[in-house]
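Order-wise, the sequence lines are chains A and B. In short: position in the first sequence from 1, add 16, done, that's the working numbering. In short: position in the second sequence from 1, add 6, done, that's the working numbering. Cβ atoms here follow ideal geometry from the backbone N, Cα and C, with glycine treated the same way. Here the structure is a predicted model, which is why all the values come from computation and not from measurement. One structure is given here, and the rest of the page talks about it.
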Amino acid sequence: MIEFTFWDIVRNLLLAARWTVLLSLAAFIGGALVGLVVLFFRIAKNSWVKRIASGYIALFQGTPLLMQLFLMFFGLPMLGLRIEPWTAAALGLTFFASAYLAEIWRSGVDALPRGQWDAGASLGLHYLQELRLIILPQAFAITRAPTVGFLVQLIKSTALTSIIGFEELVRTSNAINNATFEPFKVYGLVALIFFVMCFPLTQYARRLEQRAGAR
Amino acid sequence: MGYSLDFGWLAGAAGVIARGAAMTLLLIAVTTLAGTFLSILGAAGKRNGPKPLQLAIGIYVEVMRNTPFLVQLFFIFFGLPTLGIRLDPILAAVLAMTLNMAAYTIEIVGAGLDAVPRGQTEAALALGLRPRQVFVKIVLPQALKVIYPALTSQIVIMMLESAVVSQIAVRELTYEADMLQARTFRAFETYFVVTMVYLGLSMGLRRLLVGGGRRVLGAGVS
Chain A
17 MIEFTFWDIV RNLLLAARWT VLLSLAAFIG GALVGLVVLF FRIAKNSWVK RIASGYIALF
77 QGTPLLMQLF LMFFGLPMLG LRIEPWTAAA LGLTFFASAY LAEIWRSGVD ALPRGQWDAG
137 ASLGLHYLQE LRLIILPQAF AITRAPTVGF LVQLIKSTAL TSIIGFEELV RTSNAINNAT
197 FEPFKVYGLV ALIFFVMCFP LTQYARRLEQ RAGAR
Chain B
7 MGYSLDFGWL AGAAGVIARG AAMTLLLIAV TTLAGTFLSI LGAAGKRNGP KPLQLAIGIY
67 VEVMRNTPFL VQLFFIFFGL PTLGIRLDPI LAAVLAMTLN MAAYTIEIVG AGLDAVPRGQ
127 TEAALALGLR PRQVFVKIVL PQALKVIYPA LTSQIVIMML ESAVVSQIAV RELTYEADML
187 QARTFRAFET YFVVTMVYLG LSMGLRRLLV GGGRRVLGAG VS
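Written out as structure tokens, the structure reads:
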């Protein structure tokens, strides 16, 4: 039996937390890129393209993330890719994030007055220029609070990747708990680490929201 | 390649899937009732209770909102027994879901209470209603009507999140899927079918809640 001192537990948890942070970042960046594509589809003029994007968003928002991760984990090998918890976790969370981010940004685009589009068109900008120079900067600006809020949700969601075998904070804590039999302490510490990561972001989102409300 | 999809096992598994889905619905039904009740108490306490209670509710909300549900579940199921509180899986799942949901709905209900104009309370008091009657009969129904759409979304989100309680061996939909794929060796097909069942459940639940809300709370609920 290995003896774990309190600091051994803390050190191992903090080391594992690196993977939680890394996965959150990868999923957020990947999700933002894919989400941008979904957003383009979602606000397209063609109603079929729009419908496909709506279906994509509804699919990811209407099913459990755990199922999405399982499908990634067991579905990727069928495409000839090797099962790798990291790949499945990062890809699964990327698609999950893309659907939510696209929907958040779509609400920002919808909130802009019609005149913004008209003004862009009257300046002789074509569709993509209008989006890049006028619509998207404003849409991102007014949806900054919910975007940060979603980042918190994403960080918390990385906990689920422990179930498909990705070695992050929760999976490491399960292993430590199996060795020390101190679940109260171990899971309490895990909760504390997540809290320290998420709480500043939550506060930041709240401040953004208040500033937007004051304007 | 050479992998071909096979859904031949599905006919024999329909009963198991249905049983799992029923358990998931039972969990979310109990959670919805308990969570809404708890959040009404919490929101009222956060507004009118004594200072220490307000602080305690505030801390509770922040802690629950900034930690993963899975960790909360493990803490309750594995951690509490060391304090002598042993819960069976279903009870632990319902407790974790209720506490998690309440943290979100306390804020929602609170926003609803704030949305009811002060004049409503003053008018009711002027008519001679007692403060508790004012809250239960005048303010709360109006608040619930305002927040109903947000509450509906939260219930659906919680239903999807409940997939996690399979990890403490509650025999709901995801747990049955895990068992099924271990038996059939058709992991992708099994999870695909169950994912579609979840999609149906969440769409059905949303429709049911919106329809039911319109009937109970009157028109104007979307």
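Quiz item: Given that a residue counts as buried once 16 or more other Cβ atoms are within 10 Å of its Cβ, and exposed if not, what is M7 (chain B)?
Solution: At M7 (chain B) the pLDDT is 47, less than 50, meaning the model places this residue with poor confidence; the figure from the coordinates comes in the next sentence. M7 (chain B) should be labelled exposed.
Quiz item: Using a beta-carbon distance below 7 Å, is F13 (chain B) in contact with chain A?
Solution: no
Quiz item: When you compare each of B:R25, B:T201, B:G51 to E113 (chain B) by their alpha carbons, which one comes out closest?
Solution: B:G51
Exercise. Would you mind reading off the limits of the alpha helix (DSSP H) that contains N232 (chain A)?
Key: This structure leaves residue 232 (chain A) out entirely; chain A is present only between 17 and 231.
Practice problem: Note down, in chain order, each residue of its chain lying with its Cβ closer than 7 Å to the Cβ of E178 (chain B), except the 5 sequence neighbours on either side. | Solution: G26, M29, T30, L33, S168, V171, S172
Quiz item: Under 7 Å, do A221 (chain A) and V164 (chain A) count as touching if we go by C-beta distance?
Solution: yes
Exercise. Could you name the residues of the same chain whose beta carbon sits closer than 8 Å to that of V125 (chain A), not counting the 5 residues immediately before and after it, in chain order?
Key: L55, I59, I151, L152, A155
Quiz item: What in chain B is Cβ-close to I218 (chain A), meaning under 9 Å?
Solution: One point to set straight first is that residue 218 (chain A) is Thr, not Ile, in the sequence displayed. Going along chain B in sequence order, the residues near T218 (chain A) (Cβ under 9 Å) are E68, R71, N72.
Quiz item: Closest to R220 (chain B) by CA distance: which of B:T190, B:T158, B:L205 is it?
Solution: B:T158
Exercise. Give me the Cα-Cα distance between Q226 (chain A) and A117 (chain B), rounded to the nearest whole angstrom.
Key: 14 Å
Quiz item: Can you give the beta carbon distance from S45 (chain B) to T111 (chain B), rounded, assuming they're within the 8 Å contact cut?
Solution: 4 Å
Quiz item: Quick one: is Y143 (chain A) buried, meaning 16 or more other Cβ sit within 10 Å of its Cβ, or exposed?
Solution: exposed
Practice problem: Give the C-beta separation of M83 (chain A) and Y181 (chain B) to the nearest angstrom, bearing in mind that I take them to be a contact with Cβ-Cβ under 8 Å. | Solution: Rounded, the Cβ-Cβ distance is 12 Å, inconsistent with contact.
Self-check item: Enclosing alpha helix (DSSP H) for G108 (chain A) [first to last residue]
Solution: 101-127
Self-check item: Touching by the beta-carbon criterion (3+ pairs, under 8 Å), the stretch 121-136 of chain B and the stretch 85-98 of chain B
Solution: no
Quiz item: With a Cβ-Cβ cutoff of 7 Å, do L81 (chain A) and L170 (chain A) count as a contact?
Solution: no
Quiz prompt | Residue from B:G18, B:F80, B:I153, B:F81 with nearest C-alpha to L119 (chain B) | solution = B:I153
Exercise. Could you name the residues of the stretch 199-231 of chain A whose beta carbon sits closer than 7 Å to any beta carbon of chain B, in the order they occur along the chain?
Key: P199, F200, Y203, G204, V206, A207, F210, F211, C214, F215, T218
Quiz item: First and last residue of the alpha helix (DSSP H) that includes Q148 (chain B)?
Solution: 146-167
Quiz item: For chain B, is any of its Cβ atoms less than 7 Å away from the one on K172 (chain A)?
Solution: yes
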